[in-house]
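Residue numbers (my numbering): 17 to 286.
Quick reminder that beta carbons are idealized off the backbone N, C-alpha and C, glycines included.
In what follows, a single structure is set out as structure tokens and then discussed.
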């Protein structure tokens, strides 16, 4: 069985403006700041933010520093989430680059893919599928992990390991009533091949991937599963290797002998 994992890098590679830096520059976010939303004001001051990982790390820091009442903090968090959905609803309708690596990957991989687990909130994968005339097949295989804009059920926040204030547990993704409804953990195992585009397997979703990668580094599977990672440029490759180092406890060499690791640079069009 082959599993496909889709992250925000997929949308960005298609040419869609779905990054956190795009959101923070938008009128949707600026309106929150104008309304003195304490979380938005805090995030606006953090000029180092430029991706989804950082926003979740900053929410954790905010939780330990904020002086507002707990109900106000939760209301501001919900307002931020609503603004994010409104922004992405517009951003997901942007022009798609048919020459992008993400578009090509869908064309080349989808026929042999059994399940698609999508960590995005957007409809981009369905737009690409419709253009490739494979929308019916994709709908059968596709699962949202963190909800969708269309269903207004996005799961947004921090991991369980995040050290938020004890009164701010609502920041945790796992406290969302929709969390954990997918069957992804049943299929992330040593017997299945994996194609990953636009997802770093980073700390914000480590609960899904850390044990899986570690297991692959300590137990040799006679099936020799294939893991294909699409990274963006040299920096993306370095981040991929750093993630593998962490999850394998510095045992990447054995990990590479136990599985068939393929890396593809999505910054190159050829």
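Contact set for residue 122: own chain, Cβ-Cβ below 6 Å, skip 5 residues either direction: Cβ neighbours of residue 122 beyond the five flanking positions: 144.
One or two residues paired with residue 131 in a DSSP bridge: 19.
Go ahead and pull the three-state DSSP assignment for residue 278. Residue state, collapsed to three classes: strand.
For residue 220, is the classification buried or exposed, using 16 other Cβ atoms within 10 angstroms of its Cβ as the cut-off for buried? Classification for residue 220: buried.
Taking the DSSP output, what are the residues bridged to residue 209? According to DSSP, which records beta bridges pairwise, residue 209 is partnered with 18.
Three-way DSSP call (helix, strand, coil) for residue 174 in this model: Residue state, collapsed to three classes: strand.
Residue burial classification, residue 189 (beta-carbon count within 10 angstroms, cutoff 16): Buried: at least 16 other Cβ atoms inside 10 Å.
Near residue 74, which residues of its chain fall below 8 Å by C-beta distance, leaving aside the five closest residues on each side in sequence? Taken in chain order, the residues that qualify are 58, 59, 62 and 65.
Within 8 Å, do at least three Cβ pairs link the region 126-142 to the region 24-35? With the cut-off at 8 Å, the region 24-35 and the region 126-142 touch.
Taking a contact to mean a Cβ-Cβ separation below 8 Å, would you say residue 124 touches residue 96 in this structure? No. Outside cutoff.
For residue 288, which residues from the same chain have a beta carbon less than 7 Å from its beta carbon, with the 5 sequence-adjacent residues on both sides left out? A query on residue 288 cannot be resolved here, the shown segment of the chain reaching from 17 to 286 and no further.
Is it true that the CB of residue 103 sits closer than 8 Å to the CB of residue 42? Cβ distance < 8 Å, so residue 42 and residue 103 count as in contact.
Within the same chain, show all residues whose beta-carbon is closer than 7 Å to that of residue 183, passing over the 5 residues directly before and after it, in chain order. Excluding sequence neighbours, residue 183 sits near 86.
Near residue 187, which residues of its chain fall below 8 Å by C-beta distance, leaving aside the five closest residues on each side in sequence? Contacts found: 75, 76, 79, 93, 173, 174, 178 and 180.
Using 8 Å as the threshold, is the region 124-133 in touch with the region 154-161, meaning 3 or more CB pairs across them? Yes: at least three Cβ pairs fall under 8 Å.
Throw me the rounded Cβ distance for the residue 279 and residue 253 pair, which I believe falls under 8 Å. Contact holds; Cβ gap of about 6 Å.
So, does the region 198-206 touch the region 114-121, judging by three or more C-beta pairs under 8 Å? Too few Cβ pairs lie closer than 8 Å, so no.
Let me know if residue 162 comes out buried or exposed under the rule of 16 or more other beta-carbons within 10 Å of its beta-carbon. When all chains shown are included, residue 162 counts as buried.
Quick one: what does DSSP say residue 204 is sitting in, helix, strand or coil? Here residue 204 carries a coil assignment [DSSP, helix/strand/coil].
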